[in-house]
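Just below is one structure, and these are the notes that go with it.
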RNA sequence: CCGCCCUUAGCUCAGACUGGUAGAGCAGUCGACUGUAGAUCGACUUGUCCCCCGUUCAAAUCGGGGAGGGCGGACCA
């Protein structure tokens, strides 16, 4: 696989292609980041961007994970002390998941976001950004809720982080698109350079296949799920035997294979009773998806394989979590 | 600082005028049917009616006070 393809596989959007192609020429030692609001337990959404980070490390890049404590504070997620504590747990889970400790730098937002230069730059961005724009860029704000001042400062800081962490590339989910576009536009306006961005897909809601926003309420698979919980959740997932269900729906089971399983495993073995034809082995997402559509692979069997693959991915983080709690 | 509106199930809300301790839709749970899920049937669950005080035999409902949220006016320093 060539470097550009490794950098951009399983992404929904590359902003912009030329800049990323240039990066692909010489990725060694280049710095890429993703920022997370500390949350106690990682879920599949976090792991999707983590998969991308692993790809980028494989390409030779240095990864910076921003544990965005100040952002979490601005989003009313608790006291700094509480936030720092969950951030530590988050860090441990990322390492357990497979990020290379040697080439991953974990940075707290509060390490630099409270300094004078940074603060003044935030104010400069406030000066040139309309309320409307900032509010639309704020992905985290609850729909129906009215924005606090903290909510509109939040995306401005995200934009600035990309300058202050001295990055060559930023990544984030498609939900971060508007922030990144704001960054592309506003950083040059205050004398900094806009950086290229990769956007990872947002996996559809497991139970409904609805790819739209509401995933916060649906069932999520997290690092603390037991093997049994995982099986139950996967089994209850929406899974018609097609990769393109009617309407706007997606097939979340296939998506999980595509974005979580195949990027991390060479092959996937579907265990199947002899009655249904015996075991199957897949080396690529494409062949598995094709078989699901043709009926060669029954959704129930696919789910079994998905659950055990996910279990394997999550197990190290789950162990770390239970150790930290003991 | 002034004025108006809102607060009832997880969510959106009805009920308030004409007091009798609460309803709908959606969500959720459980079965049936599918070798998964969904769809479709069938059943079921859900409450500090924002808080306090008062009136009353009886308050979600009436009166007073308070809290939280939303909107507007005023101010043009």
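Residue numbers (this note's numbering): 3 to 328. Beta carbons are placed, not taken as given, at the ideal position from N, Cα and C, and that holds for glycine.
| Asked | Found |
| --- | --- |
| Touch test, the segment 298-307 against the segment 55-74, Cβ-Cβ under 8 Å, three pairs minimum | no |
| Beta-carbon gap between residue 127 and residue 188 smaller than 8 Å | yes |
| Beta-carbon contacts of residue 16 that lie in its chain and below 7 Å, excluding the five residues immediately before and after | 10, 22 and 200 |
| CB contact flag (residue 96, residue 52, <8 Å) | yes |
| Rounded distance between the beta-carbons of residue 106 and residue 67, thought under 8 Å | 6 Å |
| Pair within 8 Å by beta-carbon distance, residue 43 and residue 234 | no |
| DSSP-derived helix/strand/coil call for residue 172 | strand |
| Where residue 100 sits in the DSSP three-state scheme | coil |
| Cα-Cα separation, residue 5 to residue 328 | 42 Å |
| 6 Å Cβ shell around residue 94 - same chain, five flanking residues per side excluded | 322 |
| Completely contained alpha helix (DSSP H) runs for the segment 271-300, where each covers 4 or more residues | 287-296 |
| Anticipated Cβ contact below 8 Å, residue 181 with residue 139, distance rounded | 5 Å |
| Bridge-paired residues (DSSP) for residue 200 | 16 and 173 |
| Close beta carbons around residue 39, own chain, < 6 Å, minus the five adjacent residues each side | 70, 73 and 74 |
| Outcome for residue 190 when other beta-carbon atoms lying within 10 angstroms are tallied against a minimum of 16 | exposed |
| Candidates 272, 136, 41 and 192: closest to residue 80 by CA position | 41 |
| Beta-carbon spacing of residue 1, residue 176 below 8 Å | Since the first residue shown for the chain is 3 and the last is 328, residue 1 is missing from the structure and cannot be characterised. |
| Residue 155 versus 169, 174, 122 and 168, residue with shortest Cα-Cα distance | 122 |
| N- and C-terminal bounds of the alpha helix (DSSP H) containing residue 138 | 133-139 |
| Euclidean distance between Cα positions of residue 98 and residue 324 | 12 Å |
| Buried or exposed (CB count within 10 angstroms, at least 16 for buried), residue 29 | buried |
| Per-residue DSSP class, three states only, for residue 4 | coil |
| Environment of residue 198 [buried if 16+ CB atoms lie within 10 Å] | buried |
| For residue 228 and residue 195, the rounded distance between their alpha carbons | 45 Å |
| Buried/exposed call for residue 130, threshold 16 Cβ in 10 Å | exposed |
| Reference residue 210; option with closest CA among 252, 172 and 232 | 252 |
| 7 Å Cβ shell around residue 26 - same chain, five flanking residues per side excluded | 5, 6 and 9 |
| Residue 259 - DSSP class collapsed to helix/strand/coil | helix |
| Length of the line joining the Cα atoms of residue 246 and residue 222 | 22 Å |
| Reduced DSSP secondary structure (H/G/I, E/B, other) of residue 108 | strand |
| Sequence-distant residues of its chain with Cβ nearer than 8 Å to residue 2 (five each side left out) | Nothing in the structure corresponds to residue 2, since the chain is present only between 3 and 328. |
| Nearest residue (CA-CA) to residue 120, options 89, 163 and 103 | 163 |
| Proximity of residue 264 and residue 278 at Cβ, strictly below 8 Å | no |
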